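The structure under discussion appears below in the form of structure tokens.
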Amino acid sequence: MDRAFGDALKPVNVQVRLSYALELLDANRVASVVSQDGTEFTAPGTSLRRGYLTVGAGVTMHPAKNLSVSLSDGGIVNTMQASAQQGSLHVGYQFRGSGPVNRAGLQRSSRFRGRCERHR
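For what it's worth, numbering that gives the first Met the number 0 labels the leading residue of the sequence shown as 0, then goes sequentially.
Here is the structure:
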């Protein structure tokens with residue numbers, strides 16, 4: 000779900016995500032292994048869990064014309080022995096008006112983007 004708030008000068012977008020993935024391939028995994036002396040053997044694998052429920056939410060704001068800020072968090076819910084969490088903060092700033100002029104007579108702009116993520 001994606002929803003826009005605010006006005007044209009300072010828009011705010013809010014997203015909420017919910018998904019479920021189901022793996023349908025064969026769960027019997029076997030790896031063929033070769034040792035340093037050339038001996039080949041098979042190593043039986045484990046059957047991995049099949050379903051993953053993921054949730055997430057994020058918000059993107061434009062407090063100024065040349066500044067954007069995004070904050071999001073999401074993860075895999077602890078179903079079937081798997082879980083993960085990720086959060087991120089993204090700040091974008093566009094420098095305008097002080098750069099050199101190109102052939103069309105327009106001023107060039109530069110962008111700065113910073114990102115901070117946390118995985119657990």
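The beta-carbon is built from N, C-alpha and C at its ideal position, and this holds for glycine as well.
Bear in mind the structure is a predicted one, so any value in this text is a computation, not a measurement.
Ranked by how close their Cα comes to the Cα of Leu17, the residues Thr78, Leu52 and Gly37 have Leu52 in first place.
Proximity to Ala63 across Gln14, Lys9, Gly5 and Phe4 peaks at Lys9, based on C-alpha coordinates.
Ala30 has its alpha-carbon roughly 57 Å from the corresponding atom of Asp6.
Distances from the alpha-carbon of Phe94 to those of Asn65, Gly74, Asn77 and Ile75 put Asn65 closest. Classified as buried, Gly73 has 16 or more neighbouring CB atoms from the shown chains inside 10 Å of its CB.
Under the DSSP assignment, Glu39 falls in the beta strand (DSSP E) whose first and last residues are Glu39 to Pro43.
At the C-beta level, Gly57 and Ser71 come within 7 Å of one another. The C-alpha of Asn77 lies about 27 Å from the C-alpha of Arg2.
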